[in-house]
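See below for the structure under consideration.
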Amino acid sequence: MRRMLLGISLSAISCFSFAMNWQVVNEDSKVSFISIKKGDVAEVHRFNQLEGQLKSGAFTLSIPLTSVWTNVEIRDIRMKEILFETAQYPNLTLKAELDDAAVESLAVGSVMPMSLQTEIALHGQSKTMAVHVKVAKLATDKLFVVSDVPLLINAADFGLTEGVEKLREIAGLTTISQAVPVSFVLTLKR
1 MRRMLLGISL SAISCFSFAM NWQVVNEDSK VSFISIKKGD VAEVHRFNQL
51 EGQLKSGAFT LSIPLTSVWT NVEIRDIRMK EILFETAQYP NLTLKAELDD
101 AAVESLAVGS VMPMSLQTEI ALHGQSKTMA VHVKVAKLAT DKLFVVSDVP
151 LLINAADFGL TEGVEKLREI AGLTTISQAV PVSFVLTLKR
(Lines of atoms letter the chains of each structure in order from A and count residues from 1; the text may use other names and numbers.)
(Lines give C-alpha, C1' and ligand atoms only; values in the text may rest on other atoms or scores of the structure.)
Protein backbone atom coordinates (compact mmCIF):
# COMPACT_ATOMS: atom_id res chain seq x y z
CA MET A 1 0.00 0.00 0.00
CA ARG A 2 2.82 2.42 0.89
CA ARG A 3 4.57 1.69 -2.40
CA MET A 4 1.39 2.33 -4.32
CA LEU A 5 0.83 5.67 -2.54
CA LEU A 6 4.48 6.59 -3.10
CA GLY A 7 4.13 5.72 -6.79
CA ILE A 8 0.97 7.80 -7.16
CA SER A 9 2.59 10.71 -5.31
CA LEU A 10 5.69 10.61 -7.50
CA SER A 11 3.55 10.44 -10.65
CA ALA A 12 1.54 13.45 -9.50
CA ILE A 13 4.71 15.40 -8.73
CA SER A 14 6.15 14.45 -12.11
CA CYS A 15 3.00 15.61 -13.94
CA PHE A 16 2.94 18.82 -11.92
CA SER A 17 6.59 19.46 -12.75
CA PHE A 18 5.92 18.91 -16.46
CA ALA A 19 3.03 21.39 -16.41
CA MET A 20 4.86 24.08 -14.47
CA ASN A 21 5.52 27.33 -16.29
CA TRP A 22 8.98 28.33 -17.34
CA GLN A 23 9.58 32.01 -16.48
CA VAL A 24 12.11 34.33 -18.14
CA VAL A 25 14.66 35.45 -15.55
CA ASN A 26 15.14 39.15 -16.33
CA GLU A 27 18.51 39.59 -14.61
CA ASP A 28 19.99 36.64 -16.52
CA SER A 29 18.48 37.54 -19.91
CA LYS A 30 19.24 40.14 -22.55
CA VAL A 31 17.83 41.44 -25.83
CA SER A 32 20.26 43.66 -27.73
CA PHE A 33 20.23 45.38 -31.10
CA ILE A 34 22.71 47.27 -33.25
CA SER A 35 21.99 50.60 -34.90
CA ILE A 36 24.11 51.86 -37.77
CA LYS A 37 24.43 55.55 -38.51
CA LYS A 38 26.48 57.55 -41.02
CA GLY A 39 26.93 54.43 -43.12
CA ASP A 40 29.36 52.53 -40.92
CA VAL A 41 29.13 53.68 -37.29
CA ALA A 42 27.59 50.80 -35.35
CA GLU A 43 26.40 50.98 -31.73
CA VAL A 44 25.06 48.24 -29.48
CA HIS A 45 21.90 48.93 -27.46
CA ARG A 46 19.72 46.78 -25.23
CA PHE A 47 16.47 46.52 -23.33
CA ASN A 48 16.83 46.28 -19.55
CA GLN A 49 13.46 44.67 -18.81
CA LEU A 50 12.01 41.45 -20.17
CA GLU A 51 8.98 39.46 -19.08
CA GLY A 52 8.08 36.10 -20.50
CA GLN A 53 6.99 32.53 -19.98
CA LEU A 54 6.72 29.16 -21.63
CA LYS A 55 3.52 27.33 -20.75
CA SER A 56 2.15 24.25 -22.52
CA GLY A 57 4.31 24.96 -25.57
CA ALA A 58 3.21 28.61 -25.86
CA PHE A 59 6.08 31.07 -25.44
CA THR A 60 5.40 34.76 -24.85
CA LEU A 61 7.91 37.56 -24.37
CA SER A 62 7.05 41.15 -23.55
CA ILE A 63 9.63 43.93 -23.67
CA PRO A 64 8.71 47.27 -22.08
CA LEU A 65 10.12 49.70 -24.65
CA THR A 66 10.73 52.28 -21.92
CA SER A 67 13.59 50.02 -20.81
CA VAL A 68 15.67 50.81 -23.92
CA TRP A 69 19.29 51.61 -23.02
CA THR A 70 21.72 53.13 -25.54
CA ASN A 71 24.34 54.54 -23.13
CA VAL A 72 23.22 58.07 -24.10
CA GLU A 73 20.36 59.43 -21.99
CA ILE A 74 19.02 61.93 -24.54
CA ARG A 75 19.01 59.21 -27.20
CA ASP A 76 17.10 56.90 -24.84
CA ILE A 77 14.48 59.62 -24.34
CA ARG A 78 14.20 60.30 -28.07
CA MET A 79 13.86 56.61 -28.91
CA LYS A 80 11.11 56.22 -26.31
CA GLU A 81 9.19 59.33 -27.36
CA ILE A 82 9.85 59.66 -31.09
CA LEU A 83 10.66 56.19 -32.40
CA PHE A 84 8.76 53.76 -30.20
CA GLU A 85 6.08 56.28 -29.04
CA THR A 86 5.87 54.41 -25.75
CA ALA A 87 2.90 56.45 -24.49
CA GLN A 88 0.82 54.78 -27.21
CA TYR A 89 2.80 51.56 -27.82
CA PRO A 90 4.49 50.59 -24.54
CA ASN A 91 5.60 47.04 -25.37
CA LEU A 92 7.05 44.78 -28.00
CA THR A 93 5.54 41.30 -27.78
CA LEU A 94 6.70 38.06 -29.29
CA LYS A 95 4.70 34.83 -29.40
CA ALA A 96 5.86 31.41 -30.57
CA GLU A 97 4.93 27.75 -30.24
CA LEU A 98 7.57 25.28 -29.05
CA ASP A 99 7.53 21.51 -28.99
CA ASP A 100 6.94 21.01 -25.25
CA ALA A 101 7.80 17.31 -25.39
CA ALA A 102 11.13 18.01 -27.13
CA VAL A 103 12.07 20.60 -24.50
CA GLU A 104 11.09 18.27 -21.66
CA SER A 105 12.95 15.30 -23.14
CA LEU A 106 16.13 17.32 -23.68
CA ALA A 107 18.84 15.90 -21.42
CA VAL A 108 20.56 18.21 -18.95
CA GLY A 109 23.69 19.55 -20.65
CA SER A 110 22.26 19.05 -24.16
CA VAL A 111 21.61 21.67 -26.81
CA MET A 112 18.87 21.54 -29.44
CA PRO A 113 18.46 23.84 -32.47
CA MET A 114 14.92 25.03 -33.23
CA SER A 115 13.34 27.13 -35.93
CA LEU A 116 10.31 28.95 -34.56
CA GLN A 117 7.56 30.79 -36.38
CA THR A 118 7.03 33.87 -34.24
CA GLU A 119 4.53 36.66 -34.25
CA ILE A 120 6.15 39.96 -33.36
CA ALA A 121 3.93 42.92 -32.43
CA LEU A 122 5.58 46.33 -32.34
CA HIS A 123 4.25 49.86 -32.79
CA GLY A 124 0.74 48.68 -33.65
CA GLN A 125 1.96 46.33 -36.40
CA SER A 126 2.42 42.54 -36.39
CA LYS A 127 4.62 40.33 -38.51
CA THR A 128 5.31 36.61 -38.56
CA MET A 129 9.00 35.78 -38.81
CA ALA A 130 11.20 32.71 -38.52
CA VAL A 131 13.53 32.85 -35.52
CA HIS A 132 16.39 30.37 -35.24
CA VAL A 133 17.42 29.51 -31.69
CA LYS A 134 19.49 27.07 -29.70
CA VAL A 135 17.86 25.68 -26.55
CA ALA A 136 20.14 24.32 -23.85
CA LYS A 137 18.92 22.56 -20.73
CA LEU A 138 21.29 23.68 -17.97
CA ALA A 139 19.39 21.87 -15.20
CA THR A 140 16.04 20.16 -14.81
CA ASP A 141 14.60 23.55 -13.87
CA LYS A 142 16.70 25.86 -16.06
CA LEU A 143 16.76 26.54 -19.82
CA PHE A 144 19.05 28.78 -21.84
CA VAL A 145 17.65 30.03 -25.17
CA VAL A 146 19.92 32.01 -27.48
CA SER A 147 19.45 33.39 -30.98
CA ASP A 148 21.35 31.21 -33.45
CA VAL A 149 21.43 34.03 -36.00
CA PRO A 150 20.44 37.68 -35.49
CA LEU A 151 16.84 38.54 -36.24
CA LEU A 152 16.61 41.40 -38.75
CA ILE A 153 13.95 43.95 -37.89
CA ASN A 154 13.06 46.39 -40.67
CA ALA A 155 11.56 49.71 -39.58
CA ALA A 156 9.07 49.71 -42.47
CA ASP A 157 7.55 46.41 -41.31
CA PHE A 158 6.49 48.00 -38.03
CA GLY A 159 5.60 51.56 -39.02
CA LEU A 160 8.84 52.97 -37.61
CA THR A 161 10.25 54.61 -40.76
CA GLU A 162 8.94 58.08 -39.89
CA GLY A 163 10.39 57.84 -36.38
CA VAL A 164 13.80 56.79 -37.71
CA GLU A 165 13.75 59.72 -40.12
CA LYS A 166 12.84 62.17 -37.32
CA LEU A 167 15.69 60.84 -35.19
CA ARG A 168 18.07 61.26 -38.13
CA GLU A 169 17.00 64.88 -38.63
CA ILE A 170 17.23 65.78 -34.92
CA ALA A 171 20.70 64.25 -34.62
CA GLY A 172 21.88 65.89 -37.86
CA LEU A 173 22.96 62.58 -39.34
CA THR A 174 23.26 61.68 -43.01
CA THR A 175 21.80 58.21 -42.47
CA ILE A 176 20.38 55.82 -39.89
CA SER A 177 19.87 52.27 -41.08
CA GLN A 178 16.24 51.19 -41.45
CA ALA A 179 17.13 47.60 -40.53
CA VAL A 180 18.65 46.45 -37.25
CA PRO A 181 19.98 43.04 -36.22
CA VAL A 182 18.57 41.81 -32.91
CA SER A 183 20.16 39.12 -30.72
CA PHE A 184 18.97 37.62 -27.48
CA VAL A 185 19.98 35.42 -24.59
CA LEU A 186 17.12 34.19 -22.41
CA THR A 187 17.32 32.22 -19.20
CA LEU A 188 14.11 30.47 -18.14
CA LYS A 189 13.47 28.81 -14.79
CA ARG A 190 10.57 26.93 -13.29
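Note that the sequence shown covers residues 1 to 190 in full-length UniProt numbering.
Backbone N, C-alpha and C fix where the C-beta goes; we use that ideal spot for every residue, glycine too.
Through-space distance from residue j to residue i, alpha-carbon basis
i      : j      : result
Ile176 : Ile63  : 23 Å
Lys37  : Pro113 : 33 Å
Met20  : Ala136 : 18 Å
Gly159 : Phe84  : 10 Å
Thr140 : Lys30  : 22 Å
Thr86  : Phe47  : 13 Å
Ser126 : Leu138 : 32 Å
Val41  : Ser67  : 23 Å
His123 : Arg190 : 31 Å
Ser115 : Thr174 : 37 Å
Ile77  : Asn91  : 15 Å
Proximity winner among the options, relative to residue i (alpha-carbon distances)
i      : options                     : result
Leu50  : Asp157, Glu27, Ala179       : Glu27
Ile82  : Leu173, Val164, Leu186      : Val164
Val103 : Lys55, Lys95, His123, Pro90 : Lys55
Ala107 : Lys142, Thr128, Ala96       : Lys142
Thr128 : Thr187, Glu97, Leu138       : Glu97
Ala179 : Lys80, Phe33, Gln23         : Phe33
Leu167 : Leu92, Lys80, Asp100        : Lys80
Ile170 : Ala156, Arg75, His45        : Arg75
Helix, strand or coil at residue i according to DSSP, with G and I counted as helix
i      : result
Val135 : strand
Ser9   : Any reading at Ser9 must be qualified, since the residue scores a pLDDT of 47, below 50, and its modelled position is unreliable; the value itself is stated next. Correct three-state label for Ser9: helix.
Ala101 : helix
Ile176 : strand
Thr140 : coil
Leu160 : coil
Leu152 : strand
Contact with chain D by residue i, beta-carbon distance below 8 Å
i     : result
Ser32 : You won't find chain D in this structure, because it holds only one protein chain.
Point to revise | In chain order, each beta strand (DSSP E) run of at least 3 residues that lies wholly inside the stretch 27 to 106 | key: 30 to 37, 41 to 47, 51 to 55, 58 to 64, 91 to 97
Measuring CB atoms only, is the stretch 150 to 158 touching the stretch 104 to 111, in the sense that at least three cross pairs come out at less than 8 Å? no
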